[in-house]
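What follows is a short report on a single structure.
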Amino acid sequence: MPDLRTVLVEELHDLLSAETQIVVALPKMVKAAQATNLKDAFETHLEQTKNHVERIKQALQALGETANSKVCKGMKGILDEGKEAIKRTKQFDEFAADITLIAAAHKVEHYEIGAYSTAKTIAARLDEIKVGTLLSETLDEEKAADTMLTTISRPLLKQATVEEVAEPSELLTDEIAAPKTFAAAAGQSPKSSALQAHSSGATQPSGTNGPPASSRSDSTKPAPPAKPSNSALKNLDG
Ligand SMILES: [Fe+2]
Numbered sequence: 273m274p275d276l277r278t279v280l281v282e283e284l285h286d287l288l289s290a291e292t293q294i295v296v297a298l299p300k301m302v303k304a305a306q307a308t309n310l311k312d313a314f315e316t317h318l319e320q321t322k323n324h325v326e327r328i329k330q331a332l333q334a335l336g337e338t339a340n341s342k343v344c345k346g347m348k349g350i351l352d353e354g355k356e357a358i359k360r361t362k363q364f365d366e367f368a369a370d371i372t373l374i375a376a377a378h379k380v381e382h383y384e385i386g387a388y389s390t391a392k393t394i395a396a397r398l399d400e401i402k403v404g405t406l407l408s409e410t411l412d413e414e415k416a417a418d419t420m421l422t423t424i425s426r427p428l429l430k431q432a433t434v435e436e437v438a439e440p441s442e443l444l445t446d447e448i449a450a451p452k453t454f455a456a457a458a459g460q461s462p463k464s465s466a467l468q469a470h471s472s473g474a475t476q477p478s479g480t481n482g483p484p485a486s487s488r489s490d491s492t493k494p495a496p497p498a499k500p501s502n503s504a505l506k507n508l509d510g
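One gets our numbering by counting positions in the sequence shown from 1 and adding 272 to each.
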């Protein structure tokens, strides 16, 4: 019966295929990236990824195993989506285009972080110290790459074009648009008030008076459920 060691070997085979596919995909990301620091980050990670391939081969060797040709379908799917993302970047400004690439790269990193974390834990359980050390080194680099992507994305998000949205009354229901009235009284822009109310999850029941829940001093407390009126109860009674 296959045991935990077999699971580790299968995970390593899966990761070997994933890393090999990433080595092929990353040069396209380098070419598509527009911000210099993003291009550099992809180039650096390409060199790291070549090393990740070698570490997995060393881990398999330490276990007395050889590489196989099984394809990691999970990574193939993520990278297929990445190819589509690269095509989509042509319709965006340079900042949104780079954000699209970062989104695709984050998905790759998170797959790897999950897979390496599991494999490292199994290696530790099996007392495979050398394998665990190799996996741990790569896991640290994947996490650092993921953090780097987030750092690079922040200024790009600020610079990307954000189109003005339509007035809330055109988009929102009466219930959500209701804070517009209260915002005007408070000297706020209706749009920002409605969006704040929307993002905080607060909505103003139609037909009620008073400020929106988001501006009340007790806004952190959940509003009690509305009681049905007497006439509504009568209707229910038939
Ligand atoms: Fe990697």
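Note that CB positions come from ideal geometry on N, CA and C, so glycine has one too.
Where the alpha helix (DSSP H) through residue i begins and ends
i                 : result
phenylalanine 314 : 308-334
serine 341        : Per DSSP, serine 341 belongs to no alpha helix (DSSP H) and is neither H nor E.
proline 427       : 401-431
threonine 292     : 276-304
phenylalanine 367 : 366-397
Contact test: residue i Cβ vs ligand 1 heavy atom, cutoff 8 angstroms
i              : result
glutamate 291  : yes
isoleucine 350 : no
threonine 270  : Nothing about residue 270 can be reported from this structure: the residues present for the chain run from 273 to 510 only.
isoleucine 358 : no
histidine 378  : no
histidine 285  : no
glutamate 413  : yes
histidine 324  : yes
glutamate 409  : no
isoleucine 294 : yes
glutamate 353  : no
CB-CB length for residue i against residue j, believed under 8 angstroms
i            : j              : result
valine 325   : leucine 288    : 7 angstroms
arginine 277 : leucine 398    : 6 angstroms
leucine 284  : leucine 351    : Not a contact, Cβ separation roughly 19 angstroms.
alanine 313  : isoleucine 424 : 6 angstroms
serine 408   : lysine 392     : 6 angstroms
alanine 377  : methionine 301 : 7 angstroms
- [ ] Answer yes if the region 416-436 comes into contact with the region 335-342, meaning at least three C-beta pairs across the two stretches below 8 angstroms, and no otherwise.
- [x] Because the criterion of three Cβ pairs below 8 angstroms is not met, the region 335-342 and the region 416-436 do not touch.
Task: Meets three-Cβ-pair contact criterion under 8 angstroms: the region 360-367 and the region 380-390 - done: no
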